[in-house]
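I have placed the structure first, in the form of structure tokens, so that the comments after it can refer back to it.
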Amino acid sequence: MSNRPELLAPPEIFYDETEARKYTSSSRIVEIQAKLSERALELLALPEDGVPRFLLDIGCGSGLSGETLSENGHHWIGLDISASMLNVAVEREVEGDLLLGDMGQGLALRSGVIDGAISISAVQWLCNADKSSHEPRLRLKAFFGSLYRCLSRGARAVFQVYPENIAQRELILRQALQAGFGGGLVVDYPHSTKKRKEFLVLTCGPVQTSIQTSKNEYDESCSEDDNSEDEEVGVSDRNRPRKKRRTNKQGKGREWVLKKKEQSRRKGNNVPADSKYTARKRKSRF
Amino acid sequence: MRLITHNMLSCNIKGVTNGFPLRIEAGNVIEKEVDFNPDFIRHMFAKIEWKALVEGARSMGYAELPEDSPDAAVLKSDEPFLKKLHHALLELHLEEGALVCPETGRKFPVNKGIPNMLLHEDEV
Chain A
1196 MSNRPELLAP
1206 PEIFYDETEA
1216 RKYTSSSRIV
1226 EIQAKLSERA
1236 LELLALPEDG
1246 VPRFLLDIGC
1256 GSGLSGETLS
1266 ENGHHWIGLD
1276 ISASMLNVAV
1286 EREVEGDLLL
1296 GDMGQGLALR
1306 SGVIDGAISI
1316 SAVQWLCNAD
1326 KSSHEPRLRL
1336 KAFFGSLYRC
1346 LSRGARAVFQ
1356 VYPENIAQRE
1366 LILRQALQAG
1376 FGGGLVVDYP
1386 HSTKKRKEFL
1396 VLTCGPVQTS
1406 IQTSKNEYDE
1416 SCSEDDNSED
1426 EEVGVSDRNR
1436 PRKKRRTNKQ
1446 GKGREWVLKK
1456 KEQSRRKGNN
1466 VPADSKYTAR
1476 KRKSRF
Chain G
298 MRLITHNMLS
308 CNIKGVTNGF
318 PLRIEAGNVI
328 EKEVDFNPDF
338 IRHMFAKIEW
348 KALVEGARSM
358 GYAELPEDSP
368 DAAVLKSDEP
378 FLKKLHHALL
388 ELHLEEGALV
398 CPETGRKFPV
408 NKGIPNMLLH
418 EDEV
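From first to last, the protein sequence lines are chains A and G.
Per our numbering, the first sequence starts with residue 1196, numbered consecutively.
Per our numbering, the second sequence starts with residue 298, numbered consecutively.
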């Protein structure tokens, strides 16, 4: 991870005229972007009734990801902070509407009007403080808060992100959950450093209630690394109140232990033989 | 920028409570043809603020939409009406001009069809 563009300059400066052109003329980038947006659209799980939807593409750049949306028949609004990138998009005659805006300032959209949002490799830019007035946490908060408001209930938002490290991933996820979203991380190709792709899949709607109360619980769970393909971490499930374990002073008793040992033997495990000491209580000095 | 987007945009300057609808100052309006899809128009109809749409269309020189919001029954059958709505929502583009916040009067310039919604630091 040596050449991260986020570390070189703020997005509106990094993606200048030359960089914007380079970005769009590289067939490799075009292909990767198309694949990522295909996948994001798949994760968006829009209802398959043939009706086009009204989507939002955050950090649309030169409209590479928007093209995939158009190909699938959807209408979209693209938002980007780099005017040069948007100029390239205009030249390429993309079908969606373009907005010059900073997602960290919040989205200037009315409530409940958007059917879904995708964002390809953009949200990690918010983790940088490029101006003295920038505070990544507040910018993420403004972004996710306004996104939550403008999505219709039950709509999804899918972000493909390249977090720099675990702390960044945690910060993004935490802000998303605090804004009221439910959802989690989907990791494609987790074993490959190059092909590894992370998608943050957020749902707007019914699961929001439990998130406020259990702030401490997801702190620890977010940091877990997923290591199987396409594994989804259910955040909503994770925040469910834990079942209280029934305990009594006496412990489980000899019978229970014997039963468990028998079960384990049947599975073919190596279990110590039963003796008079089995399940006997320790002396009080312990 | 099309009117469908204008209908979704609201001003998000800090402290502004009612930043919708943004007033359109039209400089240059162009038309681009888009495939007509009645299902999409019906789907979007529920989300459209009718008054803002009519006003927006007027300021862009298209006055064929009725003043009052039509009811859902019209949408099912009235093809010519749907076509008009389709034209207003998707085919009119504001190329040059400005959007004006109704509360503060702040202007967001529109160049090459792209509204500049970037806020100054004291507006965040």
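For each residue, glycine too, the CB sits at the ideal point set by N, CA and C.
Nearest-angstrom Cβ-Cβ length linking residue i and residue j, presumed shorter than 8 Å
{"i": "V321 of chain G", "j": "G353 of chain G", "result": "What sits at residue 321 of chain G in the sequence shown is Ile, not Val. Yes, they are in contact, since the Cβ atoms of I321 of chain G and G353 of chain G sit about 5 Å apart, within 8 Å."}
{"i": "A1240 of chain A", "j": "R1351 of chain A", "result": "6 Å"}
{"i": "S1232 of chain A", "j": "S1260 of chain A", "result": "4 Å"}
{"i": "I1309 of chain A", "j": "F1249 of chain A", "result": "6 Å"}
{"i": "I1313 of chain A", "j": "D1244 of chain A", "result": "Actually they are not in contact, since the Cβ atoms of I1313 of chain A and D1244 of chain A sit about 19 Å apart, beyond 8 Å."}
{"i": "C308 of chain G", "j": "L319 of chain G", "result": "6 Å"}
{"i": "R1332 of chain A", "j": "Q1370 of chain A", "result": "7 Å"}
{"i": "S1316 of chain A", "j": "R1287 of chain A", "result": "Not a contact, Cβ separation roughly 18 Å."}
{"i": "E361 of chain G", "j": "K381 of chain G", "result": "5 Å"}
CB of residue i within 8 Å of CB of residue j, strictly
{"i": "F337 of chain G", "j": "P1247 of chain A", "result": "yes"}
{"i": "L389 of chain G", "j": "V407 of chain G", "result": "no"}
{"i": "M414 of chain G", "j": "G1296 of chain A", "result": "yes"}
{"i": "L1293 of chain A", "j": "V1285 of chain A", "result": "yes"}
{"i": "L1380 of chain A", "j": "L1395 of chain A", "result": "yes"}
{"i": "V1356 of chain A", "j": "V1318 of chain A", "result": "yes"}
{"i": "S1279 of chain A", "j": "D1383 of chain A", "result": "no"}
{"i": "L306 of chain G", "j": "A1303 of chain A", "result": "yes"}
{"i": "G402 of chain G", "j": "M298 of chain G", "result": "no"}
{"i": "L1281 of chain A", "j": "L1264 of chain A", "result": "no"}
{"i": "Y1218 of chain A", "j": "I1227 of chain A", "result": "no"}
{"i": "G324 of chain G", "j": "G394 of chain G", "result": "yes"}
{"i": "L379 of chain G", "j": "P412 of chain G", "result": "no"}
{"i": "V351 of chain G", "j": "L391 of chain G", "result": "no"}
{"i": "I345 of chain G", "j": "E420 of chain G", "result": "no"}
{"i": "G1291 of chain A", "j": "H1270 of chain A", "result": "yes"}
{"i": "I1367 of chain A", "j": "L1335 of chain A", "result": "yes"}
{"i": "E1207 of chain A", "j": "S1306 of chain A", "result": "no"}
{"i": "V1452 of chain A", "j": "A1468 of chain A", "result": "no"}
{"i": "E1201 of chain A", "j": "N1323 of chain A", "result": "yes"}
C-beta neighbour in chain A for residue i, strict 8 Å
{"i": "N315 of chain G", "result": "no"}
{"i": "P412 of chain G", "result": "yes"}
{"i": "M357 of chain G", "result": "no"}
{"i": "E322 of chain G", "result": "no"}
{"i": "T401 of chain G", "result": "no"}
CB contact check: residue i to chain G, cutoff 8 Å
{"i": "S1405 of chain A", "result": "Note that S1405 of chain A scores 38 on pLDDT, short of 50, meaning its location in the model is unreliable; the coordinates nonetheless yield the value given after this. Closer than 8 Å: no."}
{"i": "E1294 of chain A", "result": "First, the residue type needs correcting, since residue 1294 of chain A is Leu and not Glu in the sequence shown. L1294 of chain A counts as touching chain G."}
{"i": "D1325 of chain A", "result": "no"}
{"i": "R1332 of chain A", "result": "no"}
{"i": "Q1373 of chain A", "result": "no"}
{"i": "V1289 of chain A", "result": "no"}
{"i": "V1353 of chain A", "result": "no"}
{"i": "I1253 of chain A", "result": "no"}
{"i": "V1308 of chain A", "result": "yes"}
{"i": "I1315 of chain A", "result": "no"}
{"i": "L1281 of chain A", "result": "yes"}
{"i": "F1272 of chain A", "result": "It should be pointed out that residue 1272 of chain A corresponds to Ile in this sequence rather than to Phe. With 8 Å as the cut-off, I1272 of chain A counts as an interface residue toward chain G."}
{"i": "T1408 of chain A", "result": "A caution first: T1408 of chain A carries a pLDDT of 39, below 50, which makes its placement in the model unreliable, though a value can still be read off. Chain G, which has no Cβ nearer than 8 Å to the Cβ of T1408 of chain A, makes this no."}
{"i": "A1215 of chain A", "result": "no"}
Beta-bridge pairing of residue i - partner residues as DSSP gives them
{"i": "S1314 of chain A", "result": "A:F1354"}
{"i": "I345 of chain G", "result": "Paired residues: none, contrary to the question."}
{"i": "A323 of chain G", "result": "G:G394"}
{"i": "H1270 of chain A", "result": "A:F1249"}
{"i": "R1348 of chain A", "result": "None; R1348 of chain A has no bridge partner."}
{"i": "P412 of chain G", "result": "G:V407"}
Chain-ordered chain A contacts of residue i [CB-CB under 9 Å]
{"i": "D336 of chain G", "result": "D1244, G1245, V1246 and P1247"}
Listed by chain order, chain G residues near residue i by CB distance under 7 Å
{"i": "A1303 of chain A", "result": "L306, S307, C308, N309 and M414"}
Within chain A, the residues that residue i reaches when beta carbons sit closer than 7 Å
{"i": "H340 of chain G", "result": "V1246"}
{"i": "V421 of chain G", "result": "Q1300"}
{"i": "E393 of chain G", "result": "Residues of chain A passing the Cβ test: none, with the nearest at roughly 13 Å."}
{"i": "K344 of chain G", "result": "V1308"}
Contacts that residue i makes with chain G (C-beta to C-beta distance below 9 Å)
{"i": "D1297 of chain A", "result": "M414, L415, L416 and V421"}
{"i": "S1341 of chain A", "result": "N309"}
{"i": "S1328 of chain A", "result": "E418 and V421"}
Cross-chain neighbours of residue i in chain G, by beta carbon under 8 Å
{"i": "V1285 of chain A", "result": "K409, G410 and I411"}
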